[in-house]
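In my numbering, the protein residues as written are 1 to 45.
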């Protein structure tokens, strides 16, 4: 029982880390895409 509680705690900590990592990566990607988007639009026109 103690082992499963410890595992659950580690799992929640891991998911929180993963979530923050994904958010950070998404933000960087989004910022990069929005920075490049006007250039792409201008090239198409």
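Just so you know, even glycine gets a beta-carbon here, dropped at the ideal spot from N, CA and C.
Each residue's CA atom was taken as its position, placing residue 11 and residue 4 some 10 angstroms apart. In this structure, the straight-line span from the alpha carbon of residue 40 to that of residue 31 is close to 15 angstroms. The alpha-carbon separation between residue 9 and residue 19 amounts to approximately 15 angstroms. A direct Cα-Cα distance of roughly 12 angstroms separates residue 37 from residue 29. Rounded to the nearest angstrom, the gap between the Cα atoms of residue 6 and residue 17 is 17 angstroms.
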